[in-house]
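Novice: First, the structure itself, so that you have it in front of you.
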Amino acid sequence: MVSKNQKKLINSLHQKKYRKQYGLFVAEGKKVISELLEADLELHSLFALEASYFETSSDKTFVVTETELKSISFLTTPQFAVAVFYIPKVKPVNYQGLVLALDDIRDPGNLGTIIRLCDWFGITDLVCSEQTVDCFNPKVIQATMGSVTRVNIIYTNLQDFLTSQKNERPIYGTFMDGEIIYQEKLSQKGIIVMGNEANGISKEIEKLVSKRIAIPRFGNTQITESLNVATATAIILNEFRRD
Numbered sequence: 033m034v035s036k037n038q039k040k041l042i043n044s045l046h047q048k049k050y051r052k053q054y055g056l057f058v059a060e061g062k063k064v065i066s067e068l069l070e071a072d073l074e075l076h077s078l079f080a081l082e083a084s085y086f087e088t089s090s091d092k093t094f095v096v097t098e099t100e101l102k103s104i105s106f107l108t109t110p111q112f113a114v115a116v117f118y119i120p121k122v123k124p125v126n127y128q129g130l131v132l133a134l135d136d137i138r139d140p141g142n143l144g145t146i147i148r149l150c151d152w153f154g155i156t157d158l159v160c161s162e163q164t165v166d167c168f169n170p171k172v173i174q175a176t177m178g179s180v181t182r183v184n185i186i187y188t189n190l191q192d193f194l195t196s197q198k199n200e201r202p203i204y205g206t207f208m209d210g211e212i213i214y215q216e217k218l219s220q221k222g223i224i225v226m227g228n229e230a231n232g233i234s235k236e237i238e239k240l241v242s243k244r245i246a247i248p249r250f251g252n253t254q255i256t257e258s259l260n261v262a263t264a265t266a267i268i269l270n271e272f273r274r275d
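Given below as structure tokens:
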């Protein structure tokens, strides 16, 4: 059963200010929740159609009906279970490898996919501008499919962060008029900046980029304006790892 207070808490976590206030976030579905539990994230509460879905503390697990599950789910079609986890502590950035930086990514699906790409390509640290969508947004959590537990995600003033690193390592920025990435010698200890879906990298951040790179177009018409930022990130990271 879901109490009124539990329902109120879960529904409030749809908003960033309450996730920050309570230090909690919501995850849905057996696969995503199982990944988070296996990563040893601290569980606050779990609501499932069957207790046998997960091996968790009985005092934190509540068996609910489909109607109750729907009342606390953020999905159009609830996926068997809803869980509330404590937001993990952020770790210092590890500069021994590549760091990915995001300049104002707004779409939850894009961020979720980028987090999965970081996990896939072994990028341990993802630095996000303060305007980038919250990585604990329910839609982002759903899109990461558990990868959010394996990537250290930091929100900070991106301009200040890059300024502090400008003389320490190369800062790559993705631009339409950059040097073709397939022809460049790429460092394995640099920072890669990906820009906003509509506007690309901001003028303030552009000034801090030391190496402009681009993915060339091969289509006959050459009129496609740009790639989806998550798609572009996949191509860029693949090329860095191939170098």
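Using my numbering, you'd call the opening residue of the sequence shown number 33 and step up by one each time. Even for Gly, the Cβ is constructed at its ideal location relative to N, Cα and C.
Thinking leucine 78 and alanine 113 are a contact (beta carbons under 8 angstroms), I'd like their distance in whole angstroms, please.
Specialist: Leucine 78 to alanine 113, Cβ: 7 angstroms. Contact.
Novice: Within the continuous beta strand (DSSP E) that includes leucine 78, where are the two ends?
Specialist: 75 to 80
Novice: Determine the DSSP secondary structure at tyrosine 214, reduced to helix, strand or coil.
Specialist: helix
Novice: Return the first residue and the last residue of the beta strand (DSSP E) that cysteine 160 is part of.
Specialist: Residues 157 to 161.
Novice: Would you call methionine 226 buried or exposed, if buried means 16 or more other Cβ atoms sit within 10 Å of its Cβ?
Specialist: buried
Novice: Assuming isoleucine 237 is part of the beta strand (DSSP E), what are its boundary residues?
Specialist: Not the beta strand (DSSP E): isoleucine 237 falls in the alpha helix (DSSP H), residues 235 to 238.
Novice: Using a threshold of 9 angstroms, state whether the C-beta atoms of isoleucine 212 and aspartate 135 are closer than that.
Specialist: no
Novice: Quick check: what's the CA-CA separation for serine 66 versus leucine 81?
Specialist: 15 angstroms
Novice: For leucine 223, which of Leu56, Ile155, Leu45, Pro170 has the nearest alpha-carbon?
Specialist: The question names leucine, but residue 223 is isoleucine in the sequence shown. Checking every option, the nearest Cα to that of isoleucine 223 belongs to Ile155.
Novice: Rounded to the nearest angstrom, how far is the Cβ of valine 122 from that of leucine 158, given a contact under 8 angstroms?
Specialist: Their Cβ separation, rounded to whole angstroms, is 11 angstroms, which puts valine 122 and leucine 158 out of contact at 8 angstroms.
Novice: Which complete alpha helix (DSSP H) runs does the stretch 42 to 120 hold, if anything under 4 residues is left out?
Specialist: 48 to 54, 62 to 70, 98 to 104
Novice: Check this for me: beta carbons of proline 202 and valine 172, under 9 angstroms apart or not?
Specialist: no
Novice: Return the first residue and the last residue of the beta strand (DSSP E) that lysine 198 is part of.
Specialist: Unbroken run through lysine 198: none, as it is neither H nor E.
Novice: Between valine 241 and the rest of its own chain, which residues show a CB-CB distance below 6 angstroms, the 5 nearest in sequence each way excluded?
Specialist: For valine 241, same chain residues with a beta-carbon under 6 angstroms away, outside a window of 5 residues either side, are Ile203, Gly205 in chain order.
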